[in-house]
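So for the sequence shown, the numbering used here puts the first residue at -13; every next one is plus one.
Before any comments, here is the structure.
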Amino acid sequence: MIQANYLACFPFLRSGTKRNSLPPHATSHNTWNRLRILQIAHGKRCMPTYDYTCHTCRKRFDIFMTYQEYGVKSVNCPHCGSDNVSRRVPRVRVLKGEEARLAAFADPSKFASVEDDPRAMGRMFREMGSALGEEMPPQFDEIVERLEAGQSPEEIEKNMPDWGESIGTQEFGGHEHSHESHTPSPED
């Protein structure tokens, strides 16, 4: 069974839309039929997803709503119920190879002051997060903000004991990265 949350928003699916007025990627017979079948199977029009951040619990969430509802319907956080939310614009992604994205971090001088300066560490993490071009978990932003405010990694770890599991072993680009350093064995 197809889940409604897998549907993308295709405003050109409105009844009466002429194929010659569609964007090029939607004009193929198969694409048109698949999209119409999805729309009919769910008995409603496709709705766009709007990304929000809750300023109370600091969690991110998505809301599906129609174009008519957007700006009129109140939005509350599904996690804590707060209405202290703001629309979040997703990060724009540019396709680059992993080598090209991380080439800027090949210079060891970039890391010289990081060990002793939490603010520099926070800036470095923010730059690396941007270079990866992938959506980071909400805890990542919180940790970076704390570092940039001058809080030491040890203090952050005391306040967020599970941050290493949620951030350090997060899977990025098909490779699992750990926050622990790897000491090569004689077999390496």
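Think of the CB as a built atom: it goes at the ideal place given N, C-alpha and C, for glycine as much as any other residue.
Cα-Cα separation, residue i to residue j
{"i": "Ser72", "j": "Phe50", "result": "15 Å"}
{"i": "Gly136", "j": "Val61", "result": "33 Å"}
{"i": "Met122", "j": "Arg44", "result": "14 Å"}
{"i": "Pro34", "j": "Ser95", "result": "45 Å"}
{"i": "Val130", "j": "Asp69", "result": "25 Å"}
{"i": "Tyr38", "j": "Phe47", "result": "5 Å"}
{"i": "Met114", "j": "Met107", "result": "10 Å"}
{"i": "Leu133", "j": "Arg105", "result": "5 Å"}
{"i": "Glu128", "j": "Lys59", "result": "29 Å"}
{"i": "His41", "j": "Arg112", "result": "20 Å"}
{"i": "Arg109", "j": "Ala117", "result": "12 Å"}
{"i": "Glu142", "j": "Val100", "result": "Per the sequence shown, residue 142 should be read as Ile rather than Glu. Cα to Cα, Ile142 sits roughly 16 Å from Val100."}
{"i": "Pro64", "j": "Ala98", "result": "42 Å"}
{"i": "Tyr53", "j": "Phe126", "result": "31 Å"}
{"i": "Pro76", "j": "Lys144", "result": "30 Å"}
Paired residues, beta bridge with residue i - DSSP
{"i": "Phe47", "result": "Tyr38"}
{"i": "Arg73", "result": "Tyr38"}
Counted within 10 angstroms of its Cβ, other Cβ atoms place residue i as buried (16 or more) or exposed
{"i": "Thr17", "result": "Here Thr17 scores only 47 on pLDDT, less than 50, and its place in the model is too uncertain to base an answer on."}
{"i": "Cys66", "result": "exposed"}
{"i": "Gly57", "result": "exposed"}
{"i": "Arg74", "result": "exposed"}
For residue i, the nearest candidate out of the options (CA to CA)
{"i": "Glu55", "options": "Tyr36, Cys63, His41 and Cys40", "result": "Tyr36"}
{"i": "Glu140", "options": "Asp102, Met110, Thr52 and Ala98", "result": "Asp102"}
{"i": "Pro124", "options": "Met146, Ala117 and Met110", "result": "Met146"}
Chain B within 8 Å of residue i, Cβ atoms only
{"i": "Ala117", "result": "Protein chains in the displayed structure number just one, and chain B is not present."}
Distance cut-off 7 Å: residue i Cβ against heavy atoms of the ligand COA
{"i": "Arg112", "result": "With respect to small molecules bound, the structure shown includes none, and the ligand COA cannot be examined in it."}
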